[in-house]
Amino acid sequence: MKADPADQRALLDLAEVDAGVSRATHRRSHSPEAARVAELTEALREYRDQTIAAQIAAEDLAREVRRLDNDIAVLATRLSKDSALLNGGTLTGKALTEIEHEIAGLHRRRGVAEDELLEVMERQEATAAEELRCGALVTHTEEEIARAESAAATAMSEIDVTADAARTRRDELRGQIDDALLAVYDKQVSQGRIGAGLLRQARCGACRMEIDRGTLSRYGQAPADEVLRCDECGAIIVRTHESGV
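For the sequence shown, the numbering used here gives the first residue as 7, with consecutive numbering after it.
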């Protein structure tokens, strides 16, 4: 295949621009700024879940405190009544023994309830602290997300500007290159390979593989308008004054 050497050299610029478009596309889909937003969003979900769990625990403990307060109040009322009977001096014998036994039992039950209430209130205090901690983390993470989203938007905008400029330049270059040569280049690119590479220092600029002497000699003897292909990767080999052949 024959093609104007200038068109062949233009392929090098086109390959460089195509690489820039690919880098921009990859950068957009693998943005560290977007990954940071996703990471923070996941952390926020966990902190919110922890906050809800702490709130539920706080509600459960509040109900337990109310129950124990009520139990203690009931026991106190019964103790007051029984103590009044005991101190009234009207009970004798078996009735007196029974009321004394009941009062002792009520004291034990109230002591147990008061100990349990103290424990629950300590847990309540710890749960309140946990709820505050989680709430603070939620607020802080929401602020971090806002900053990360702003950074991501800025990065995406910069990427899009770069990619748009590269696409515009690519269209300009493609308009300057022979259609038949472009077809060969495009077929190579469609296979996920670099379309063209500069022959320099006995290496293909596309795949970087070293070229043997025999092939280099063949390249050097080929007419300037001959379209050469790399035996390793299939890229169009472009010769310039840097090629040394």
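Note that the Cβ used here is the ideal one computed from N, Cα and C, for glycine as well.
C-alpha distance - Y191 paired with V43, whole-angstrom precision: The residue you call residue 191 lines up with position 185 of the sequence shown. The residue you call residue 43 lines up with position 37 of the sequence shown. Cα-Cα distance, rounded: 39 Å.
Do E164 and R206 count as a contact pair if the criterion is CB distance below 9 Å? Position 200 of the sequence shown, counted from the first residue, corresponds to residue 206. Position 158 of the sequence shown, counted from the first residue, corresponds to residue 164. In this structure, E164 does not lie closer than 9 Å to R206 by Cβ.
Take V126 as the anchor and find which of T57, V71, L18 has the nearest alpha-carbon. For the purposes of this step, residue 126 is taken as residue 120 along the sequence shown, with counting starting at 1. Among T57, V71, L18, the Cα nearest to that of V126 is on V71.
State whether the stretch 192-206 contacts the stretch 238-247, with contact taken as three or more CB pairs (one from each stretch) at a distance under 8 Å. A contact exists between the stretch 192-206 and the stretch 238-247.
Could you give the first and the last residue of the continuous beta strand (DSSP E) run that contains L205? Counting from 1 along the sequence shown, the entry for residue 205 is found at position 199. Element bounds for L205: 202-206.
Keeping to the same chain, check which residues put their C-beta closer than 7 Å to that of R129; ignore five residues upstream and five downstream. The residue you call residue 129 lines up with position 123 of the sequence shown. Excluding positions up to five away in sequence, the list reads L67.
Any chance the stretch 150-163 sits against the stretch 35-50, with 3 or more Cβ pairs inside 8 Å? yes
DSSP three-state call for C213: helix, strand or coil? Residue numbering aside, residue 213 sits at position 207 when the sequence shown is read from its first letter. Coil at C213, not helix or strand.
Anyone know if the C-beta pair for D13 and I200 falls short of 9 Å? Taking the first residue of the sequence shown as position 1, residue 13 is located at position 7. Taking the first residue of the sequence shown as position 1, residue 200 is located at position 194. In this structure, I200 does not lie closer than 9 Å to D13 by Cβ.
Quick one: is T1 buried, meaning 16 or more other Cβ sit within 10 Å of its Cβ, or exposed? Here the chain covers residues 7 to 251 and nothing more, so residue 1 does not appear.
L97 - DSSP class collapsed to helix/strand/coil: By one-based count along the sequence shown, residue 97 stands at place 91. Correct three-state label for L97: coil.
Just curious, the beta strand (DSSP E) that V23 is in, first and last residue? Locating residue 23 in the sequence shown gives position 17, where the first residue counts as 1. Per DSSP, V23 belongs to no beta strand (DSSP E); it is in the alpha helix (DSSP H), 11-35.
Quick check on DSSP: helix, strand or coil for R235? Indexing the sequence shown from 1 puts residue 235 at position 229. Reduced to three states, the DSSP call for R235 is strand.
Residues in its own chain within less than 7 Å of L188 by CB, not counting five upstream and five downstream? Within the sequence shown, numbered from 1, the residue matching residue 188 stands at position 182. For L188, where only same-chain residues beyond five positions count, the Cβ hits under 7 Å are R180.
Inter-stretch contact (C-beta, 8 Å, three-pair minimum) for the stretch 208-221 and the stretch 165-176: no
Going by DSSP in three states, I305 sits in which element: helix, strand or coil? Because the chain is modelled from 7 through 251, residue 305 falls outside the range shown and cannot be assessed.
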